[in-house]
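Engineer:
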Amino acid sequence: MAEASNAVLRCTNLHRHLGQGEGRVHVLRGVSFEAERGQVCAIVGPSGCGKSTLLYLLGLLDKPGEGQITINGQLMSNHDDAARTAARCAHIGFVFQFHFLMLEFTALDNVMMPMRKLGRLTPEEMMARAHALLTSVGLGEKTHRLGTQLSGGEQQRVAVARALANQPAIILADEPTGNLDVKNSAVIFDLLTSLAKENGQAVVLVTHNPDIANRCDSVRPMRDGLFV
Amino acid sequence: MSPNLRIAFRFLTAKKRAMLMSLSCIVLGVGLFVITQATTSGFEKFFIKTILGTNGAMRVQDKIQDTMRSMAAGGENSKFRISSREGRKYIEGIEEPQLVVNALMKFANVSGASIVLNSPAILRNDSKTDSIKIFGINLDDHLRVSDLASQIVDGKLEDFRNSPSGILIGRELCNRQGLAIGDSIIIDARGQQRRYRISAIYETGVSDIDRAYVYLNMGEARSLLKKPTGATYIQVNLIDKDRAPEDAVHIEEVLQHQARSWQWREKPWLSAFKALSISSAITTSVFTLIAGLAMLNTLAMIVIEKTKDIAILRSMGYERKDITQIFLWQALIVLAIGTSVGAALGYAGTYAVSRIPMPVTGIFRTETFQVYISPWHYVAAVLMAAVMVMGASIIPARRAARMEPGDIVRGTST
Ligand SMILES: Nc1ncnc2c1ncn2[C@@H]1O[C@H](COP(=O)(O)OP(=O)(O)OP(=O)(O)O)[C@@H](O)[C@H]1O
Ligand SMILES: [Mg+2]
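Sequence lines, in order, name chains C and V.
So in my numbering, spot 121 of the first sequence is number 122, and the numbers just go up one at a time.
So in my numbering, spot 44 of the second sequence is number 46, and the numbers just go up one at a time.
1) List, in order along the chain, the chain V residues whose C-beta lies closer than 8 Å to that of K198/C?
2) Are there 16 or more other CB atoms within 10 angstroms of the CB of K310/V, so buried, or fewer, so exposed?
3) Going along the chain, which residues of its own chain have a beta-carbon closer than 6 Å to the beta-carbon of I70/C, five neighbours each way excluded?
4) Under 6 Å, CB to any heavy atom of ligand 2. Which residues pass, going along the chain?
5) Using DSSP bridges, identify the partner residues of L61/C.
6) Can you list the residues of chain C that I314/V reaches, using a CB-CB cut of under 7 Å?
7) Using three-state DSSP, classify F11/V as helix, strand or coil.
8) Can you tell me which of A87/C, L102/C and V220/C puts its alpha carbon nearest to the alpha carbon of S321/V?
9) Could you tell me whether any Cβ in chain V is nearer than 7 Å to the Cβ of R130/C?
10) Output, in chain order, the set of chain V residues within a Cβ distance shorter than 7 Å of P115/C.
11) Below 6 Å CB to CB, which residues in the same chain sit around A399/V once its five sequence neighbours on both sides are set aside?
12) Using 8 Å for Cβ pairs, my map puts A83/C next to V159/C. What's the rounded Cβ distance?
13) Mind checking whether the beta-carbon of C50/C lies closer than 6 Å to any heavy atom of ligand 1?
14) Does the beta-carbon distance from A115/V to V208/V come in below 7 Å?
15) May I ask you to report which of helix, strand or coil DSSP gives F48/V?
16) Nearest to R224/C by CA position, among P47/C, Q21/C and R17/C, is which residue?
17) Taking C-beta pairs closer than 9 Å, name the residues in chain V that T136/C reaches, listed in chain order.
18) Looking at C-beta atoms only, is the number of pairs between the segment 204-222 of chain C and the segment 271-282 of chain V that lie closer than 8 Å three or more?
19) If N111/C and G60/C are in contact, beta carbons under 8 Å, what's the gap, nearest whole angstrom?
20) Can you tell me whether Q39/V is buried or exposed, with buried defined as 16 or more other CB within 10 angstroms of its CB?
21) From the DSSP output, in three-state form, read off V1/C for me.
22) Span of the beta strand (DSSP E) holding C12/C?
23) For L10/C, which residues of its own chain have a beta-carbon under 7 Å away from its beta-carbon, when the five flanking residues on both sides are left out?
24) Thinking just about the alpha-carbon of each residue, which of A354/V, A388/V, V391/V and L385/V is nearest to the one in V373/V?
25) How about G51/C and L15/C: do their beta carbons lie closer than 7 Å?
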């Protein structure tokens, strides 16, 4: 079962309802999925099909109504908040679809934020690593800009750099290239792929961009809360 | 700097104006608390010092008549006797004052005892009259149990000592009657009228004393009051004045004379001061209450404004307790600044009111406000502000920590 041991993130039969009473919607209807080390996986599908909802569940930001999520073989979906928070800190890098940064902080501060929480590096090392990450997303010149002084695309790139900060085993990115031009989209995508290949990180990204999707190792199309 | 503290700082500076309200209320609350406590306890200390310096730490008076209903519990020869305090009666005055003084001086905590003969009287000067209290004293004994020597503001104690018809009179009475050193007045007591000359004028600062107490030499007082022996009371000075209540109980049992501590004697005054200091503490605590509410409001606003930041932090692995801490840190920073500035302001204010000439008249007569600076006032003020502000901050801090990151990013957080 070499393939199974390669799955760092696995979910089976996930269900999630959203909304209350009349407006209650069955958004995820039994989704099973796994993400493997060193692989970039794209989730594609029409707007509203439940991609973000799935990603929040995989990122342990939300709890499934039914189903299981395991990280490195450990069942996380039913764990308490503290354990899931610790797992987020150590294993997961998340890039949100819409809001990206803490706007009152500099780009550098934003990238250092997860490192400070994890506390594995010295402040100097954190600083150096944050610098390097920002340079790799093309923002080496703007490390001391506040979030408010960055464009939408720049903010998104800082968010990607931040998701990589703690070298997480799993990177979950909700349309990381949504606001970017072709050149920068390529930069971000290449960065994520190279990380997957070099460090064996598992990358799961949601995208509407067919070019990007086609360059991923696998593509999972989704429709109405199910993979098709 | 811890990451949470760093984040707290940044959140705070984003809402400076709202925080200013809370901050200024903390400053006012702490500052005013300190000032009002310093002045009330200043006047209390002043009062106690004056009253101790005038009326002494303890008075021994009225002999106890042995009417204790004591009965032998088991026949005439039994050792067990039950005595009842209800039967205690007093015979007014002290018959053998010198014996009592001798006995008193054997107590370790007693540093002096002065026999006093006291009576109400009328002071006449031309057409003006005033009711007064005359005190017959042996000057040297009395100087050992009072601050009379340092209370003299005009004339000389020597003149009083050397002239039988000399009297010591309070400044306020002098002012009312328009009297000065060397003037003669008539004292009317027990149907007798005698003429006296003012040897010296004293001032304690307590109006009740300064307008009524007139000191005579003991010999003259005995003759005026027709009391060749005995005493109204014995004024006792103690080395450790705080021990007066315990000593009074002890002395009363041993000497079989009623002994009253200054704490008992001045109880109405002391409780008035206590009430005053409590009421001013409550009044000033209103400011810290407002500070707490303002803090609650501001933090609640920050929580709403920063929900997305909270979600981002939580997604990165910041725990619920980190979020709570971030908000409590904000309150703590404002609290720390507010209480420091407030305490400094209170100290400066206390100093100012003690220096700016502000003649006080009425119950007391002083040139400036009396203040007493105690570190406990500052501790109490800071504690009060801390309880109010931190107590109020827990609510929004908890609320922030409870929010689920998933709900926030979907916009369904409540
Ligand atoms: N709070 C809510 N209550 C009810 N339904 C909700 C709620 N939030 C989202 N939904 C519904 O859940 C479905 C999935 O939403 P989701 O955000 O996962 O879509 P998505 O695939 O990420 O879409 P997009 O590509 O536009 O980002 C949508 O149909 C949406 O209408
Ligand atoms: Mg989405």
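Glycine included, C-beta positions come from ideal geometry on N, C-alpha and C.
Structural biologist: Taking the structure as given:
1) Result: empty, since nearest Cβ-Cβ is about 25 Å, beyond 8 Å.
2) buried
3) C12, M77 and S78
4) Residues with a Cβ closer than 6 Å to any heavy atom of ligand 2, in chain order: K52/C, S53/C, Q98/C and D175/C.
5) DSSP output for L61/C lists no bridge partner at all.
6) Under the 7 Å cutoff, chain C gives M103.
7) helix
8) The question names Ser, but residue 321/V is Glu in the sequence shown. Comparing Cα-Cα distances from E321/V to each of A87/C, L102/C and V220/C, the minimum goes to A87/C.
9) no
10) M318 and G319
11) T326, F329 and L330
12) Contact doesn't hold; Cβ gap of about 28 Å is too wide.
13) Flag set: Cβ of C50/C near ligand 1.
14) The Cβ atoms of A115/V and V208/V lie no closer than 7 Å to each other.
15) helix
16) P47/C
17) What T136/C touches in chain V: nothing, since even the nearest Cβ is about 21 Å away.
18) Result no; under three Cβ-Cβ pairs closer than 8 Å.
19) That belief does not hold up - the Cβ atoms of N111/C and G60/C are roughly 18 Å apart, past 8 Å.
20) buried
21) Because chain C spans 2 through 229 in this model, residue 1/C falls outside it and cannot be assessed.
22) Counted as a single uninterrupted DSSP element, the beta strand (DSSP E) harbouring C12/C occupies residues A8 to L19.
23) E35, A36, L59, I72, I171 and A203
24) A354/V
25) no
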